[in-house]
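Read through the structure below, which is laid out as structure tokens, and then see the notes.
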């Protein structure tokens with residue numbers, strides 16, 4: 019992992035914030051905490067990586083190619099259950115505090131609700147992709163396929179009780195996986211319909227059959243619904 | 031008037047009409063926006079000014095940016111698109127409530143649909 023000084027990281031983040039049309043001074047003054055997460059926080063960023071930032075407090079969210087900025091209320095991050103969510107666990111494990119300090123517990127295993135939410139997201143993405151496959155553009159299919167594969171990997175990590183690593187770590191693990199279809203089948207083995215659909219999209223990159231995506235949307239999705 | 035051009039406009043109208051008012055799934059909204067982008071990309075180039083190399087490259091907001099440069103849609107259309115793109119992007123962190131997502135998306139979708147309807151009427155008038 020690349021090591022950068024805190025000042026170098028702050029300068030990189032500042033450039034991305036200003037590049038997104040925001041005032042750095044305003045953001046810095048407004049946020050109780052400024053937390054870098056994702057690939058930049060872990061030092062495994064590439065030239066294509068965006069900067070992922072959580073600010074604690076109230077402010078304007080941003081999602082651009084360069085910057086993903088989320089604002090989270092202090093009551094949320096101070097809730098002991100936050101570290102059992104996917105993003106809370108990730109931040110607790112990999113986050114770097116540019117302002118303020120980590121005042122919540124280290125990462126805890128994901129809650130059953132977090133696992134159910136992840137399964138719901140996987141079933142939803144796979145079902146929608148299957149349903150609309152023939153009408154979607156090729157770049158969109160490719161991008162959603164990547165997201166689906168990463169979400170399946172995140173699910174596998176969450177089930178082990180660990181925090182999800184940044185995407186480049188997932189991509190590297192995937193590249194090394196010898197039996198990719200077998201691995202996907204294994205992770206989703208409790209849901210045959212979803213497993214078959216995910217294998218068709220992620221491994222074979224083929225048009226999923228109508229039967230597969232209909233089952234995912236009508237049976238798998240409701241099964242993992244969480245309030 | 032070219033029937034082929036009219037068919038392309040009609041296909042874009044159908045894709046815009048398929049945008050629902052109420053999306054609780056960011057994935058469904060994103061997919062429908064991609065389908066809409068593909069339909070807009072196929073609109074007659076002589077009317078829209080969208081370059082040929084836009085095929086499979088530009089997203090919906092880029093296409094609307096081109097249409098805005100050609101003075102065919104207002105800045106509001108671009109802004110609604112950017113807001114929707116941002117909303118679906120942030121929703122990927124899975125921190126929010128689906129109903130809050132639907133409520134927030136609704137206004138932007140309404141604005142975008144209204145802008146697209148005006149655009150397609152303008153294009154129809156131009157080729158008739």
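Chains as they are written, first to last, in this note's numbering: chain A, 19 to 245; chain B, 31 to 158.
Glycine is no exception: its CB is placed at the ideal position from the N, C-alpha and C atoms.
Bear in mind that the values here come from a model prediction, so they are computed numbers and not experimental data.
Reference residue i, options the options, closest by Cα
i	options	result
residue 251/A	243/A, 135/A, 77/A and 30/A	Chain A is shown from 19 up to 245; residue 251/A falls before or after that span and cannot be answered.
residue 65/A	126/A, 182/A, 121/A and 84/A	84/A
residue 56/A	141/B, 123/B and 63/B	123/B
residue 147/B	47/B, 37/B and 33/B	47/B
residue 112/A	43/A, 212/A, 96/A and 185/A	185/A
residue 98/A	72/A, 116/A, 120/A and 89/A	120/A
residue 61/B	230/A, 144/A and 212/A	144/A
residue 90/B	132/B, 68/B, 73/B and 42/B	68/B
residue 86/A	121/B, 97/B, 76/B and 132/B	121/B
residue 126/B	139/A, 176/A and 178/A	139/A
residue 146/A	212/A, 38/A, 135/A and 67/A	212/A
residue 96/B	116/B, 75/B and 154/B	75/B
residue 265/A	109/A, 115/A, 240/A and 116/A	As shown, chain A starts at 19 and ends at 245. That puts residue 265/A outside it, with no answer to give.
residue 105/B	43/B, 38/B, 145/B and 80/B	145/B
residue 89/A	114/A, 45/A, 175/A and 148/A	45/A
residue 70/B	114/B, 88/B and 42/B	42/B
residue 155/B	129/B, 50/B, 77/B and 72/B	77/B
residue 235/A	148/A, 156/A and 105/A	148/A
residue 161/A	226/A, 242/A, 80/A and 220/A	220/A
residue 110/B	53/B, 82/B, 38/B and 134/B	134/B
residue 310/A	194/A, 193/A, 78/A and 238/A	Missing from the structure shown is residue 310/A; chain A here goes from 19 to 245 and no further.
residue 42/A	67/A, 78/A, 62/A and 170/A	78/A
residue 198/A	208/A, 179/A and 222/A	222/A
residue 103/B	151/B, 130/B and 58/B	151/B
residue 63/B	44/B, 34/B and 38/B	44/B
residue 104/A	174/A, 190/A and 192/A	174/A
residue 163/A	196/A, 233/A and 224/A	224/A
residue 130/B	101/B, 149/B, 35/B and 117/B	117/B
residue 53/B	153/B, 128/B and 141/B	128/B
residue 180/A	107/A, 53/A, 170/A and 94/A	107/A
residue 20/B	112/B, 80/B and 58/B	For residue 20/B there is no data in the structure shown, the boundaries of chain B being 31 and 158.
residue 208/A	141/A, 195/A, 159/A and 153/A	141/A
residue 57/B	28/A, 150/A and 170/A	150/A
residue 200/A	92/A, 170/A and 226/A	170/A
residue 14/A	126/A, 178/A and 93/A	It is not possible to answer for residue 14/A, since the shown part of chain A is limited to 19 through 245.
residue 75/A	63/A, 96/A, 159/A and 38/A	96/A
residue 63/A	231/A, 136/A, 32/A and 190/A	190/A
residue 47/A	73/A, 38/A and 61/A	73/A
residue 178/A	226/A, 154/A, 205/A and 194/A	205/A
Bridge partner(s) assigned by DSSP for residue i
i	result
residue 71/A	54/A and 87/A
residue 80/A	87/A
Rounded Cβ spacing between residue i and residue j (contact assumed at less than 8 Å)
i	j	result
residue 172/A	residue 182/A	4 Å
residue 34/A	residue 69/A	4 Å
residue 117/A	residue 49/A	6 Å
residue 98/B	residue 114/B	Not really, about 16 Å apart at Cβ, beyond 8 Å.
residue 188/A	residue 132/A	Contact flag wrong, Cβ pair sits at about 17 Å.
residue 81/A	residue 242/A	With 8 Å as the limit, residue 81/A and residue 242/A do not qualify as a contact, their Cβ atoms being about 25 Å apart.
residue 217/A	residue 228/A	So it is not a contact: roughly 16 Å between Cβ atoms.
residue 49/B	residue 143/B	6 Å
residue 100/A	residue 51/A	Going by Cβ atoms, the distance from residue 100/A to residue 51/A rounds to 13 Å, so no, they are not a contact pair.
residue 153/B	residue 39/B	6 Å
residue 40/A	residue 54/A	16 Å between Cβ atoms; not a contact.
residue 73/B	residue 94/B	Between residue 94/B and residue 73/B the Cβ distance is about 12 Å, and since that is not below 8 Å, they are no contact.
Segments assigned beta strand (DSSP E), at least 3 residues, entirely inside the region 107-166 of chain A: Entirely contained in the region 107-166 of chain A, the beta strand (DSSP E) runs reaching 3 residues are, in chain order, 114-117.
Cβ-based contacts, 8 Å cut-off: residues of the region 84-111 of chain A near chain B: 86, 88, 90, 103, 104 and 105
Segments assigned alpha helix (DSSP H), at least 4 residues, entirely inside the region 80-109 of chain B: 90-99
Chain B contacts made by the region 126-155 of chain A, where a contact means CB separation under 7 Å: 135, 139, 142, 143, 146, 150, 153, 154 and 155
Residues of the region 52-63 of chain B with Cβ closer than 7 Å to any Cβ of chain A, in chain order: Of all residues in the region 52-63 of chain B, only 55, 57, 58 and 61 come within less than 7 Å of chain A when Cβ atoms are compared, listed by chain position.
Start-end ranges of the alpha helix (DSSP H) lying completely within the region 177-242 of chain A, minimum 4 residues: 185-194, 198-205, 210-216 and 228-233
Near-chain A residues of the region 63-85 of chain B - C-beta to any C-beta below 8 Å: 64, 65, 67 and 68
Residues in the region 118-146 of chain B having any Cβ partner in chain A nearer than 8 Å: Residues passing the 8 Å Cβ filter: 119, 120, 122, 123, 124 and 125.
Chain B contacts made by the region 158-171 of chain A, where a contact means CB separation under 7 Å: 158
Interface positions of the region 51-79 of chain A facing chain B (Cβ-Cβ less than 8 Å), listed along the chain: Within the region 51-79 of chain A, those residues whose Cβ lies closer than 8 Å to any Cβ of chain B are, in chain order, 79.
Where the region 26-39 of chain A meets chain B: residues whose CB sits under 8 Å from a CB there: Cβ contacts with chain B: none found.
Contact list for the region 219-245 of chain A against chain B, Cβ threshold 8 Å: none
Members of the region 36-49 of chain B that neighbour chain A once the beta carbon cut-off is set at 7 Å: Listed in chain order, the positions of the region 36-49 of chain B with a beta carbon within less than 7 Å of a beta carbon of chain A would be empty, since no residue qualifies.
Where the region 99-116 of chain B meets chain A: residues whose CB sits under 8 Å from a CB there: 115 and 116
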